[in-house]
Amino acid sequence: AQSVTQLGSHVSVSEGALVLLRCNYSSSVPPYLFWYVQYPNQGLQLLLKYTSAATLVKGINGFEAEFKKSETSFHLTKPSAHMSDAAEYFCAVSAGGGADGLTFGKGTHLIIQP
Amino acid sequence: DTGVSQDPRHKITKRGQNVTFRCDPISEHNRLYWYRQTLGQGPEFLTYFQNEAQLEKSRLLSDRFSAERPKGSFSTLEIQRTEQGDSAMYLCASSSQTNEKLFFGSGTQLSVL
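Protein chains in written order, with this note's numbering: chain A, 1 to 114; chain B, 115 to 227.
See below:
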């Protein structure tokens with residue numbers, strides 16, 4: 001069984017500031033980890049994924065995440081926030097790499113202050 | 115690549131009625147997933163098809179829910195005797211067998227009155 005915990009249902013940062021969204025996972029097998037973004041009235045879009053290759057994963061729109069096995073974490077970061085980054089962000093884990101369903105966290109709403 | 119499309123975008127129904135949603139995946143994708151998302155929660159896995167075979171069903175999928183993918187292309191999700199607790203966004207996603215990346219549709223928002 002696998003699960004994901006996202007710390008903080010809402011995160012507010014100033015435009016240009018560092019974005020840090022936290023995700024901790026639990027998995028009985030080596031996990032595949034994902035970050036998805038959901039803009040209002042749109043479907044979820046994949047930001048990045050970890051599949052046991054490099055532990056630092058670079059995604060779209062300047063986001064990156066680092067897999068830390070010792071901390072069972074997969075936090076999402078972006079050096080400089082932009083107004084267009086305001087959205088809902090979901091961390092997800094899969095044991096089978098896609099052959100079975102993804103288990104999502106509850107999401108973190110990112111607010112960008114001008 | 116026209117993306118994953120879902121129909122309808124919104125559905126309002128009265129408690130006890132049956133509803134059916136449709137999902138058209140990306141044409142070359144053989145894997146199709148249904149998820150449910152309620153307000154303030156992440157998507158919850160419901161079921162998964164590989165081609166026309168339904169390979170996995172969540173415990174969330176009660177007997178009132180049935181999903182089909184008869185020709186391995188589009189899929190339908192039917193909810194019989196709807197209850198107010200069924201109100202949610204129903205999301206469909208597809209992927210290819212060689213890539214675990216899921217592509218999501220915009221969802222069908224169901225409101226049961």
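Beta carbons: idealized from backbone N, C-alpha and C, even for Gly.
(message) Which runs of the alpha helix (DSSP H) at least 4 residues long sit entirely within the stretch 160–205 of chain B? Give them in chain order.
(response) none
(message) Using only CA atoms, which one of B:Gly219, B:Leu227, B:Gln223 and B:Cys206 lies nearest to B:Phe163?
(response) The residue you call residue 163 of chain B lines up with position 49 of the second sequence. Among B:Gly219, B:Leu227, B:Gln223 and B:Cys206, the Cα nearest to that of B:Phe163 belongs to B:Cys206.
(message) Whole angstroms are fine: how far does the CA of B:Gln151 sit from the CA of A:Thr103?
(response) In the first sequence, counting from the first residue as 1, residue 103 of chain A sits at position 103. In the second sequence, counting from the first residue as 1, residue 151 of chain B sits at position 37. Whole-angstrom Cα-Cα distance: 12 Å.
(message) Can you give me the C-alpha to C-alpha distance between B:Asn165 and B:Gly186, rounded to a whole angstrom?
(response) The residue given as residue 165 of chain B occupies position 51 in the second sequence. The residue given as residue 186 of chain B occupies position 72 in the second sequence. B:Asn165 and B:Gly186: Cα-Cα distance of roughly 4 Å.
(message) I'd like the list of long-range same chain contacts for A:Ala95, defined as Cβ closer than 8 Å, with 5 residues on each side in sequence excluded.
(response) In the first sequence, counting from the first residue as 1, residue 95 of chain A sits at position 95. Taken in chain order, the residues that qualify are Gln2, Ser27, Ser28, Val29, Pro31 and Tyr32.
(request) Can you give me the Cβ contacts of A:Gly8 inside the same chain, cut-off strictly under 7 Å, excluding the 5 residues immediately before and after it? (result) Here residue 8 of chain A refers to the residue found at position 8 when the first sequence is read from its first residue. Result list for A:Gly8: Arg22 and Thr108, in chain order.
(message) Going by the DSSP bridge assignment, what does B:Gln120 pair with across the sheet?
(response) Within the second sequence, numbered from 1, the residue matching residue 120 of chain B stands at position 6. Note: B:Gln120 sits in a beta bridge opposite B:Cys137.
(request) Using a Cβ-Cβ cut-off of 8 Å, state whether A:Leu46 counts as contacting chain B. (result) Within the first sequence, numbered from 1, the residue matching residue 46 of chain A stands at position 46. Yes, A:Leu46 lies at the interface with chain B (some Cβ there is under 8 Å from its Cβ).
(request) Can you grab the Cα-Cα spacing for the pair A:Cys91 / A:Met83, in whole Å? (result) If you number the first sequence from 1, residue 91 of chain A lands on position 91. If you number the first sequence from 1, residue 83 of chain A lands on position 83. When rounded, the distance between both Cα atoms is 21 Å.
(message) Looking at B:Ser208: is its Cβ nearer than 8 Å to the Cβ of B:Ser225?
(response) Residue mapping note: residue 208 of chain B aligns to position 94 of the second sequence, counting from 1. Residue mapping note: residue 225 of chain B aligns to position 111 of the second sequence, counting from 1. Going by C-beta atoms, B:Ser208 is not nearer than 8 Å to B:Ser225.
(message) I want to verify the contact list: residues of chain A whose CB lies under 9 Å from the CB of B:Leu224, in sequence order.
(response) As a working note, residue 224 of chain B is residue 110 in the second sequence. Those within 9 Å of B:Leu224 in chain A number zero; the least Cβ separation is about 16 Å.
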